[in-house]
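Structure, as structure tokens:
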Ligand SMILES: Nc1ncnc2c1ncn2[C@@H]1O[C@H](COP(=O)(O)OP(=O)(O)O)[C@@H](O)[C@H]1O
Ligand SMILES: [Mg+2]
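Protein chains in written order, with the numbering used here: chain E, 3 to 270; chain W, 185 to 411.
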């Protein structure tokens with residue numbers, strides 16, 4: 003095995019990185035792959051909470067880096083999917099405990115163990131962003147359709163390009179179809195026009211995200227969740243499948259327009 | 185009417201010519217100009233053209249200190265006055281510019297050298313947070329995104345979409361221009377004039393912005409010479 007390493011990041015905090023990591027991890031594992039999610043947001047760890055694994059933590063990423071445990075010992079198996087694992091972040095320790103080189107070394111070791119490594123990154127303005135970026139084969143940039151979030155996403159795409167990890171692929175999260183219809187939200191076309199990177203998925207605003215987060219089970223495992231479906235489609239696109247962009251609520255105006263702007267082809 | 189100060193971007197930094205006249209007036213006028221354009225001058229390397237003006241080491245030294253308080257680095261003084269030259273030498277300041285910018289009495293075998301301000305070419309899109317400062321002209325092959333800025337002593341030409349902030353003629357040159365294939369800046373400045381672009385009507389077309397009769401105006405960008 004030689005895993006593909008996907009880093010999920012954003013310019014602004016709170017736009018949905020952790021949610022995306024949990025949902026993509028579950029979707030890829032559900033497709034039959036062996037997946038390891040790493041929480042690289044040291045000090046602000048919450049991927050364990052979103053995945054519902056908080057109470058199973060014994061060792062964390064810093065323990066691995068400092069040699070207190072073996073890599074295998076820090077991999078927590080998911081409750082629902084046998085081939086999904088989490089390496090949690092340390093909650094309290096010094097943010098400088100992990101270096102970009104450490105992340106590259108750990109990821110290289112993990113590559114032999116699985117098919118996909120998903121790294122939940124801190125927002126680009128925070129420390130630890132470079133750690134999450136260093137081992138990445140592909141970077142997914144996530145933003146909400148708001149002016150300030152797009153502005154920060156643009157900045158981070160610049161940093162990613164400067165680190166030669168670019169240009170990355172875009173996930174547009176929390177899109178409200180009614181607002182787009184009324185013209186109260188930035189149109190996808192305008193966002194893509196500024197950011198000038200490929201779109202890999204559009205996730206609607208959806209309360210099943212909240213419900214599933216509280217239950218510790220990814221929305222992408224719930225066949226009725228539309229956000230979950232959108233995440234499953236991103237997983238398939240990462241896997242190289244050509245999946246048309248979903249139409250929301252029967253209105254094809256918006257999504258019909260963007261699908262033309264999307265280049266097909268995954269990353270594998 | 186008095187000749188005014190002139191500022192020119194040269195190979196590495198700025199060349200300021202101070203006109204003849206009373207030093208007690210020229211000096212504060214010069215410093216005031218810098219204070220009005222702190223963004224532009226901060227961190228600049230500066231050479232002074234003083235022609236035959238006579239300045240002693242005390243006056244020159246005090247000017248250098250006043251400039252360094254403003255984070256401007258005075259490195260050269262050009263003068264024909266022996267007194268000024270000696271003062272400059274005592275202060276360790278250079279008295280010549282590199283050949284290509286001194287202009288005067290050089291043998292150029294063929295007229296293959298074009299004189300003018302230095303220009304930089306940037307072949308990428310400037311993203312939010314990027315900032316470019318240059319004493320001469322700036323040419324960008326790419327977009328200037330919202331949140332990015334370009335501050336130039338001369339003209340700015342954007343072969344792409346200008347949606348961020350551009351300041352041309354930042355040291356006060358009102359003849360500077362801004363060209364873009366799509367001119368929709370967050371804010372545009374030429375010398376001391378500031379404009380905010382109106383929301384666009386219809387398809388973007390190449391435009392040039394400049395100061396005409398004291399007003400910052402944008403109009404279609406055409407090759408005038410062809411008419
Ligand atoms: N598509 C969505 N619909 C509704 N709520 C969402 C959606 N995506 C994320 N959220 C909510 O937004 C908040 C921030 O998400 P999170 O993944 O923690 O962001 P980040 O990791 O970028 O800080 C959470 O409360 C999450 O439930
Ligand atoms: Mg998070």
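No residue lacks a Cβ here, since even glycine has one placed at the ideal position from N, Cα and C.
Please state whether the Cβ-Cβ distance between residue i and residue j is less than 8 Å.
| i | j | result |
| --- | --- | --- |
| residue 244/W | residue 272/W | yes |
| residue 91/E | residue 62/E | yes |
| residue 237/W | residue 268/W | yes |
| residue 369/W | residue 193/W | no |
| residue 83/E | residue 28/E | yes |
| residue 39/E | residue 46/E | no |
| residue 152/E | residue 188/E | yes |
| residue 13/E | residue 125/E | yes |
| residue 107/E | residue 78/E | no |
| residue 375/W | residue 397/W | no |
| residue 329/W | residue 347/W | yes |
| residue 204/E | residue 156/E | no |
What three-state label does DSSP hand residue i in the structure shown?
| i | result |
| --- | --- |
| residue 15/E | coil |
| residue 228/E | helix |
| residue 181/E | helix |
| residue 361/W | coil |
| residue 87/E | strand |
| residue 404/W | strand |
| residue 200/W | strand |
| residue 390/W | coil |
| residue 269/W | helix |
| residue 191/W | strand |
| residue 75/E | helix |
| residue 103/E | helix |
| residue 205/E | strand |
| residue 216/E | helix |
| residue 153/E | helix |
| residue 344/W | strand |
| residue 306/W | strand |
| residue 292/W | Low per-residue confidence applies at residue 292/W: pLDDT is 44, beneath 50, and the placement is therefore not dependable, though the value from the model is reported in the following sentence. It is coil, neither helix nor strand. |
| residue 172/E | strand |
| residue 44/E | coil |
| residue 260/W | strand |
| residue 375/W | coil |
When burial is assigned at 16 or more other CB atoms within 10 Å of the CB, is residue i buried or exposed?
| i | result |
| --- | --- |
| residue 325/W | exposed |
| residue 164/E | exposed |
| residue 137/E | buried |
| residue 242/W | exposed |
| residue 171/E | buried |
| residue 141/E | buried |
| residue 55/E | buried |
| residue 360/W | buried |
| residue 378/W | exposed |
| residue 213/E | exposed |
| residue 122/E | buried |
| residue 71/E | exposed |
| residue 257/W | exposed |
| residue 264/W | exposed |
| residue 208/E | buried |
| residue 391/W | buried |
| residue 305/W | exposed |
| residue 233/E | buried |
| residue 371/W | exposed |
| residue 363/W | buried |
| residue 215/E | buried |
| residue 341/W | buried |
Against chain E, does residue i count as a neighbour if the rule is that its beta carbon must be under 8 Å from one of theirs?
| i | result |
| --- | --- |
| residue 387/W | no |
| residue 289/W | Bear in mind that a pLDDT of 45 at residue 289/W, under 50, signals an unreliable position, so the model cannot answer this. |
For residue i, would you say it is in contact with chain W, using Cβ-to-Cβ distances shorter than 8 Å as the test?
| i | result |
| --- | --- |
| residue 40/E | no |
| residue 162/E | no |
| residue 196/E | yes |
In chain W, which residues lie less than 8 Å from residue i when you measure between Cβ atoms?
| i | result |
| --- | --- |
| residue 157/E | 311, 312, 313, 331 |
Which residues in chain W have a C-beta closer than 9 Å to the C-beta of residue i? List them in chain order.
| i | result |
| --- | --- |
| residue 153/E | 312, 313, 329, 330, 331 |
Can you find a CB in chain A that lies within less than 8 Å of the CB of residue i?
| i | result |
| --- | --- |
| residue 254/W | As a matter of chain content, chain A is missing from the structure shown, whose protein chains are E and W. |
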